[in-house]
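Protein chains in written order, with the numbering used here: chain E, 923 to 1348; chain C, 923 to 1348. This report concerns only the one structure given below.
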């Protein structure tokens, strides 16, 4: 009656998922829409920065040789022969002992080779100033290409566009930006116990929260969610909805119906479709009944109907494939080390993922559960910004132990977090 | 000729800004649009969770008293009188030595007070099972209200909605969510040297990157940017554009023209408007010429035209006011302690903000500059996820010293980061 499933280790499960190919697509968006998207091409400097020799200060452009003899006892007198506002250019010729008034960012006039800051000069008339010290060639000049040379790669493809990258895109004239298309991830919730959000509670029923949670997780990871509704536990309905959804999406997530209960149709649907099932049980808590399969080159994720298991299953198995479809090179959640803020005395044979909050206490990161960690409990999800990672074994964990945590809101990501995870050393 | 300005400390400048009132507005959005927005009301549990006594496992609902004598030598035989799928309810009466097959999440039938997991029973016919041990009242029952009681505040107003909070909103039937309206922040770029992004480079000119960068910063912080274009350095044009913009926005940011150069019209415009100027010089690098003023109950930020100064000025002075307008209680960038990854040998009288990248090296956070830190240099902005905070003084900083950093991509925020900032202890 009860199907026996063999759980595989988390690392192996993630590897079986990411061994599959992804199929990134690209599109052009205007720079105003680029924030938060992922670069589909390397960002290359289209010109030197600065693109001309320029003044970093308000002051006077000079021929440094003219100041050779200048000192505070014998200041040298200069004639002001022009003025260059930022954006304008001085086209005249600067003769010996002539200077040009220059604004921050303006181009150094031909013949000049240094800038004297305004504060270091003395105005004696509208057309005459004194300089009291010597300046060398190159003093206070930002040379062409000093910051960045034309052709250099400034940001790698697959990087998420932050405000600094927007500034770079603007600087180099990318008014249109080639980004990856957001992969379309279908979401189906199953379970006759589920109510729509706007329905009143009824005996034995709960509202469908997983689908909305997953849609937000998809958005956070950089994808586009497509909701196919909430289905009753009926095989034919679920099968045809799955087929219909698969035709329209890049990947499909179902939540619920994945277990071995009498109303869990996901296994039968995958069988009926002829999908390749990579695994249907993982040695993890929560989420041990997670199923991942592939059909028609599309990943199908059968996540648990339990909110916490569903949440963790998404972050572990869906997110890396989603991020890879965005060309991201660090598709997994970033792993860092933190001090455990509480005891976990009870050992567990499976690796546990505990929703937690990370705090910076002086020089240390401290991770503590964000709520009661029963897997059916939803209220701890709201405060979680990381997952505590407690490898399975015969020992529990003590407050103060060093453990690994996976960051949920981080932007750096990780290439492969599944090595050298700290076990209990109690 | 050169106006003398007195720089004020960063802490004092931030305080002068946030002493001003903010004017949050609220709106309702559908739950599908709620991710990333800020709650305008506390999220209150509209019912108990669970809302009924339920089974956390697939199994049989029993009357625990019937198992009193059960052991492996003398298993007790039970009659299966019904089956409850999740979402359905058993309406019959459970008599002695009767059980009901129950699915995960389903409501416990009246009269039953424990659940036996499927694996611990033995099926002897379709209608009969054996139980081999004793169970106590309450075994494997999730009681009504066990996780959350009706009326409890689960998430405070002003919190940014993450996927876990979306799950909570769905659970409690918030198909519409009351969130704060995104404040509209106007952006004006000034400078005759500025080209539009799609214009080819020309002698003496640079492309307008600050406006686009600021718009992305506004989006990251949770606001809505409104771009009023790029203006030449002309007093009348700038004045009328400023007036027009102010009429349409909640706050206004200008970039450029804020210094004391001949083409810097921001001071004159603020004077002409009759705006209250809080400061026009801050003891910080970059960004010392930042000006903040108020007119008609709207904040006006005169940020530097220098990209780094503009970036830092936004995060220090605009972001906290923007976040407060979203009811956020931790409106400043979060401050954490990190080990300095490089030397900063040159002392500076002003507090420095260095764009940096934070890495987690075992148990320590290490912050290193994300590029060459010249204030005119844009390329280091792309890789920055934090700002190194180096208080001014007569000493430089050495690699390995503990310093404060402000996190740029963080979601927790800080109530007031400006106390006890670690100075150089070289």
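For every residue, glycine included, the Cβ atom is placed at its ideal position computed from N, Cα and C.
is_contact[residue i, chain E] using C-beta, thresh 8 Å
i, result
"residue 1295 of chain C", "Bear in mind that the predicted position of residue 1295 of chain C carries a pLDDT of just 49, short of 50, making it unreliable; the figure below should be weighed with that in mind. So, not an interface residue."
"residue 1097 of chain C", "yes"
"residue 1244 of chain C", "no"
"residue 1134 of chain C", "yes"
"residue 1254 of chain C", "no"
"residue 996 of chain C", "no"
"residue 1076 of chain C", "yes"
"residue 1176 of chain C", "no"
"residue 1066 of chain C", "no"
"residue 1286 of chain C", "yes"
Beta-carbon gap between residue i and residue j smaller than 8 Å
i, j, result
"residue 1175 of chain E", "residue 1108 of chain E", "yes"
"residue 991 of chain C", "residue 998 of chain C", "yes"
"residue 1320 of chain E", "residue 1277 of chain E", "no"
"residue 1225 of chain C", "residue 1236 of chain C", "yes"
"residue 978 of chain E", "residue 1068 of chain E", "no"
"residue 1077 of chain C", "residue 1087 of chain C", "yes"
"residue 874 of chain C", "residue 1126 of chain E", "Any property of residue 874 of chain C remains undetermined from this structure, which presents chain C solely from 923 to 1348."
"residue 1150 of chain E", "residue 1163 of chain E", "yes"
"residue 1132 of chain E", "residue 1117 of chain E", "no"
"residue 1218 of chain E", "residue 1075 of chain E", "no"
"residue 1143 of chain C", "residue 1241 of chain C", "yes"
"residue 1259 of chain C", "residue 1284 of chain E", "yes"
"residue 1099 of chain C", "residue 956 of chain C", "yes"
"residue 1269 of chain E", "residue 1317 of chain E", "yes"
Element boundaries [beta strand (DSSP E), containing residue i]
i, result
"residue 1281 of chain C", "1273-1283"
"residue 894 of chain C", "Residue 894 of chain C is absent from the structure shown; chain C starts at 923 and stops at 1348."
"residue 1291 of chain C", "1286-1291"
"residue 1004 of chain E", "998-1006"
"residue 1038 of chain E", "1036-1039"
"residue 1214 of chain E", "1213-1217"
"residue 1310 of chain E", "1308-1312"
"residue 1173 of chain C", "1173-1177"
"residue 1045 of chain C", "1043-1047"
"residue 1303 of chain C", "From DSSP, residue 1303 of chain C is part of no beta strand (DSSP E); its letter is neither H nor E."
Contact with chain C by residue i, beta-carbon distance below 8 Å
i, result
"residue 1298 of chain E", "Annotation note: pLDDT 49 at residue 1298 of chain E (below 50); position unreliable, coordinate value reported separately. Output row for residue 1298 of chain E: interface = yes."
"residue 1032 of chain E", "no"
"residue 1328 of chain E", "no"
"residue 1093 of chain E", "yes"
"residue 1341 of chain E", "no"
"residue 1138 of chain E", "yes"
"residue 1029 of chain E", "yes"
"residue 1282 of chain E", "yes"
"residue 1085 of chain E", "yes"
Residue i, DSSP secondary structure in three states
i, result
"residue 1158 of chain C", "helix"
"residue 973 of chain E", "coil"
"residue 1146 of chain E", "strand"
"residue 1222 of chain E", "strand"
"residue 1298 of chain E", "Because the pLDDT at residue 1298 of chain E is just 49, under 50, the model does not fix this residue reliably, and the point stays unresolved."
"residue 1114 of chain C", "coil"
"residue 1190 of chain E", "helix"
"residue 1139 of chain E", "helix"
"residue 1013 of chain E", "coil"
"residue 924 of chain C", "Confidence at residue 924 of chain C is low in this model, with a pLDDT of 46, below 50, so its placement is unreliable and no value can be given for it."
"residue 983 of chain C", "strand"
"residue 1095 of chain C", "coil"
"residue 1085 of chain E", "helix"
"residue 1134 of chain C", "helix"
"residue 1167 of chain E", "helix"
First through last residue of the alpha helix (DSSP H) which encompasses residue i
i, result
"residue 1233 of chain E", "1229-1235"
"residue 1205 of chain C", "Premise fails: residue 1205 of chain C is in no alpha helix (DSSP H) and is neither H nor E."
"residue 1349 of chain C", "As shown, chain C starts at 923 and ends at 1348. That puts residue 1349 of chain C outside it, with no answer to give."
"residue 1243 of chain E", "1241-1247"
Residue i at chain B interface by Cβ criterion, 8 Å
i, result
"residue 1304 of chain E", "Among the protein chains in the structure shown, which are E and C, there is no chain B."
Scan the stretch 1113-1129 of chain E for residues whose Cβ lies nearer than 9 Å to a Cβ of chain C and list them as they occur along the chain. 1113, 1114, 1115, 1116, 1117, 1118, 1119, 1120, 1121, 1122, 1123, 1124, 1125, 1126, 1127, 1128 and 1129
Within 7 Å of chain C by C-beta, residues of the stretch 1141-1158 of chain E in sequence order: Taking 7 Å as the cut-off between beta carbons, the residues of the stretch 1141-1158 of chain E near chain C are 1141, 1142 and 1155, in sequence order.
Can you list, in chain order, the residues of the stretch 951-977 of chain C whose Cβ is nearer than 9 Å to any Cβ on chain E? Listed in sequence order: 953, 954, 956, 957, 958, 965, 967, 968, 969, 971, 972, 973, 974 and 976.
Chain E contacts made by the stretch 979-996 of chain C, where a contact means CB separation under 8 Å: 980
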